[in-house]
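The next block holds one structure in the form of structure tokens; read it before the comments.
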Amino acid sequence: MSSPSTLEHHCQLCPGQTAIRSAFEFIEHLRAFHCKKEGGSYMCRYGPYSMCSTLPVEGVSDKDYEEHVKKVHLASVPFDGAESCLANNLPNTSSQPCIVQDSTQRCGVFRSTQNLSAVLNDPRRDRSMAGNFFVRHWGESFVDSVEIPPLYHVRNVSWKAFENYINRVAIRHRRHLKDQRRQLRTSLQPLPSSSEAYCALESELMLDVPKMFFSPTFSLEDPTCFEALNRLVKISPDIKADDAVLKTPVGWSGVSRSRKSQRANMILQEQLGHYLDKVEIEIANHLATKSQAFFQLMTFHDELQKQIDRASSATKMLREQMQDIGELLSGRWLKLISLQNRRARIVELSKRLDLISTVVQTHSTVQGLLNSSDYIAALELVSTTKAVLNEDLKGIVCFRHMHAELIEMENLITQMLKDAFLRLFRSEFQSAVIDDASLEFDQYELISIVTGLLRQREFRFWDTIKDEVLALLKPIVRQTAHNEAVLRMKIPIEDGQRLGDAMRQCNFTDWLTIFSVVAKALLLFCRRMMLILKCIRQLVLIASSRTYASRHDCDDESDAPLLYTLPTRSQQMLREVALSEFDKDTLCDALDELLPQICQVAEERLCRFIAVRGKEDFSKSLTSEEFVGFTKTVNQIDVEFQSLCVRPVTALRFYVLSMVEAFIQRFHDEKKTKLTNIIDSENWKRAEVPKVFQDIVNDFELTGKLRDSSTSEIAKRNVGYRSYLSKNGEKFVVVGTALMLLQIMAQYCQLVEMLPTYSANILTPMVDLLKMYNSRSCQLILGAGALQMVGLRTISSVHLALSCRSLQLIASFIHNFRELFTALLPESSRHLVRHFSQLSKDYEDHVSEIHQKLFAVLESCVDACFGKWVPGASVPSPAFQHLAKQVRRLHDNTRDILTEKDMQNLMVKLYNGIRKSGIAALQARNIDAQSSAPEYEFADRDFAWLVQCLQALPCCSTVSQQFLSTLT
């Protein structure tokens, strides 16, 4: 006997735990300490590094985990007890497939079910197989699109073909249904009591036999079935009395164990024999109760066998007769059809051989077409050959490299087309275009090349055009300028002298002529480029997805003539291109953008040509007329460039604008400096007006335009002076600064008329000059700045009157300035004329301030007189006599300068001021009309005398008495 310690086992990962004595304890230990549950999956952790290598990492179900423990871990533990055998041999009662068992068995096509999860998680397969398990044979987008063709050799069978059979069989079928109902009623009748007892006994006996013997898969060769059969002995009632023996320690006698095995075998044999007897009895009872039906069935079987033999013999005879008839009637015709099919195959083979012969000669044919520059035919031949190889000659071994050779040949033709395209542009534009007759180009060669490029889907050819054309602009400018300067105008150029230096040395007229010729050459170049791009654009439209069949299909009426003049082969190839809407729009947009870019670069070249001449700022040496002529020429060129493009080109316009702005700024600086120097040195005396200034005003009255005529020959002959300037019958006695400002304004107006496009640029400096004169004259006269500038002792009434009339002269033209700029300014800049309205208001305010200043000149004298005034018997009083003397002096000093109306208003205002001061002086002495004091009467007489003195003045002779009222 062995010691009891041999029955105890320990966990390999938990050596300090309690000993495990049975298989069930071992399973429970693994489930409790070496199993991890996530959701409904169980993951085994019994192994090195807490990882079991035989179970999927994703985990398995509860049943699969228990089977895994039995098959893998429990088998490695040498349990000797009955629990080990029972645990290892328990049948899998679960209806679900077992991952552990299925993974160890080879899945075949003959199995009715497959465990999909076991297949995908099979540890013996590559993990990448699970990812493409469903798509590795057919692909993700596989759709079975094969249509099964109808059977043309089997004639259609209608329902009428079965009517005779149905009518013949219907009677027998009804008789058969009647027999079935009769048998059903017989089977439903109650059996005798003996039969009922027998059936009850049969059910009880059947319950005593284990169901495993009735299983169709029962086999003693199966270890599971064999172990289950041994379990029947261990769990039978007869062997339960030996349980105490099973639980005895291992150290007891081995004799008892051998007796136990012998008795178990005997009990098993007896039990199996008992089951066999029961089954035999059941078979005998069934045979006894069903013998009559069995013998009847055998009789029916023999009769049926005889009928089948007779039908087989008749079928064999029918087949032999049909074979004889087929050989006699249809054999010859079938042979004829076979010969016809053979002939068709031979003809097809002959055609294939002809195609092969043609394909073999493709290389030499393509080479000949390329030598003759027939690119369209070469491309068409290559395309046709590729189609023949892919369809008619597919699978021929000798042509296995032909497809790659054709692709290489296509690439070669494409490169040759690009080179030919470059050569075409270089040959067309190698010389400058000098007249409209040079606008013609080789249209057919261009159509051939562009058609080939579109056929090859080479849509980036406009980049080649752009780079090549932009590179040709500089030599055209240089060549045209050299030919015009040297060959036509005979301008000498020394050896080694640069063309730019020669351009700077020639006079302005010659340079402007050369510039016009260069600009015309660039315009013709761009116009020729426009025609070429228009032709290419029409080809793109024809090759678009909207194929053109008639003139009505064309988007543009101008496309129809080109469509009709195209060769038939080009039309066919363009239609085969079938550009998509996106490609068509992309190409058209690129071609539409190319011409503005070329015009932009052409204008930049013209700007550089101007810059070469203006390196020393040649505009400083130009007169206004010369500069205006230059700007008009440039503007005309810019208008012609704008007419070629769908969007504005701004290079030349902005460059000339910068030159005009610089010219206007220089012009303004000169005039402003001149005016500043004159007004700062003005001695504020009445100026002698030369005849030229009167001519300016007279010309303005006749034409409505203010122009400077001082440089004309007539103005030089009309030499003379006057003391005033006459405008519309009104005399203006002004200072010399006002005359110079008038002449400067005439020059500005003349410049605006010559440069109406830049009127907005001229308005601002013109307004600045007028503002500067207004503010500066105010500083010198009202602000008394002239005392320090020119050494005046005081600002007298004469100075004030001259400043007032000078301002009024300039202000009388401001309205005309406003109308002039309103007519010339564009709508977007017309808001700038508001500056003239503000100028008019500023000048009027300045004039009002001068009038107020004239009144203030006598205001101190009036206050002094009324301070010494004592009304007495003498009339007028000495104070009023002194006051009248000052008023007459003011009148005498300003009557030849100010207008009569201004003098009248001044005198009335002056008298009203004197009257208010007199009333204030009388009120201070408590003298009024109600007091009846003699002083009031004397004061009234003084004021009456003063009124008479004022009315004696020429300006106040027509003044009403209400404006010159006395104290009463």
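So that you can map any letter, position 292 of the sequence shown is 291 in numbering that gives the first Met the number 0, and since no number is skipped, the others follow by simple counting.
Glycine included, every Cβ here is placed at the ideal spot set by N, Cα and C.
Every value quoted in this text rests on a predicted model; they were computed, and no experiment measured them.
Residue i to residue j span [Cα, whole Å]
i, j, result
"A920", "V861", "11 Å"
"L762", "L945", "51 Å"
"L593", "F666", "39 Å"
"C598", "I513", "19 Å"
"I422", "L445", "Position check: residue 422 holds Arg in this sequence, whereas Ile was assumed. If I take the Cα positions, the gap works out to 11 Å."
"C525", "L472", "10 Å"
"F212", "L183", "32 Å"
"G451", "N482", "38 Å"
"T508", "V627", "13 Å"
"S426", "N410", "24 Å"
"H551", "I541", "At H551 the pLDDT is 39, less than 50, meaning the model places this residue with poor confidence and gives no usable figure here."
"V468", "D637", "20 Å"
"C10", "A18", "8 Å"
"S708", "S802", "25 Å"
"S21", "D221", "25 Å"
"V576", "V539", "10 Å"
"A377", "Q455", "12 Å"
"V517", "L586", "31 Å"
"F662", "E624", "12 Å"
"Y151", "S157", "16 Å"
"K583", "S515", "38 Å"
Opposing strand residues paired with residue i [DSSP bridges]
i, result
"L724", "F731"
"E37", "S40"
"S543", "L578"
"V688", "R721"
"V59", "Y41"
Residues near residue i in its chain [Cβ-Cβ closer than 6 Å; skip 5 each side]
i, result
"F816", "F835"
"Y747", "M765"
"Q778", "G784"
"R604", "L472, V476"
"F428", "L471"
"S916", "V861, F865"
Nonlocal neighbours in the same chain, by C-beta distance under 7 Å from residue i, ignoring five residues either side
i, result
"R612", "M502, R503, W510"
"Q596", "K465"
"A548", "For A548, the pLDDT reaches just 40, beneath the cut-off of 50, and the residue's location in the model is therefore unreliable, although a value from the coordinates is still provided. So the list is empty, once near-sequence residues are dropped."
"Q885", "L857, C860"
"A217", "One point to set straight first is that residue 217 is Phe, not Ala, in the sequence displayed. Around F217: M211, C224."
"N727", "E700"
Close Cβ partners of residue i (< 8 Å) along its chain, the five nearest in sequence each way excluded
i, result
"K671", "P764, D767, L768, M771"
"L405", "T361, V381, T384, K385, L388"
"L590", "W461, L532, I535, R536, V539"
"L897", "A800, C803, R804, L905"
- Between the segment 790-799 and the segment 881-892, do at least 3 Cβ pairs fall closer than 8 Å? yes
- Message: Three Cβ pairs or more, each shorter than 8 Å: is that satisfied between the segment 805-824 and the segment 840-857?
- Response: yes
- Decide if the segment 40-54 is in contact with the segment 66-75; the criterion is three or more beta carbon pairs, one per stretch, under 8 Å apart. yes
- Evaluate contact between the segment 681-691 and the segment 729-736, counting only Cβ atoms and requiring at least three cross-stretch pairs below 8 Å. yes
- Message: For the segment 632-643 against the segment 738-745, do three or more pairs of beta-carbon atoms, one drawn from each stretch, fall closer than 8 Å, so that the two count as touching?
- Response: no
- Item | Minimum length 4: unbroken alpha helix (DSSP H) runs contained in the segment 461-541 | Complete alpha helix (DSSP H) runs here, min 4: 498-504, 507-541.
- Query: Three or more beta-carbon pairs under 8 Å between the segment 599-610 and the segment 650-668, yes or no?
  - Reply: yes
- Item | Secondary structure, alpha helix (DSSP H): runs of 4+ residues fully inside the segment 862-930 | 877-893, 899-923
- Message: In chain order, what are the residue ranges of uninterrupted alpha helix (DSSP H) at least 4 long that sit wholly in the segment 593-659?
- Response: 623-643
- Touch check for the segment 384-398 and the segment 353-366: three-plus C-beta pairs under 8 Å? Pairwise C-beta distances place the segment 384-398 in contact with the segment 353-366, as three or more of them are shorter than 8 Å.
- Message: As an exercise, report each continuous alpha helix (DSSP H) stretch of at least 4 residues that is fully enclosed by the segment 331-417, in chain order.
- Response: 361-370, 374-390
- Message: Could you check whether the segment 326-343 touches the segment 399-415, counting it as contact only if at least three pairs of C-beta atoms, one from each stretch, sit closer than 8 Å?
- Response: Too few Cβ pairs lie closer than 8 Å, so no.
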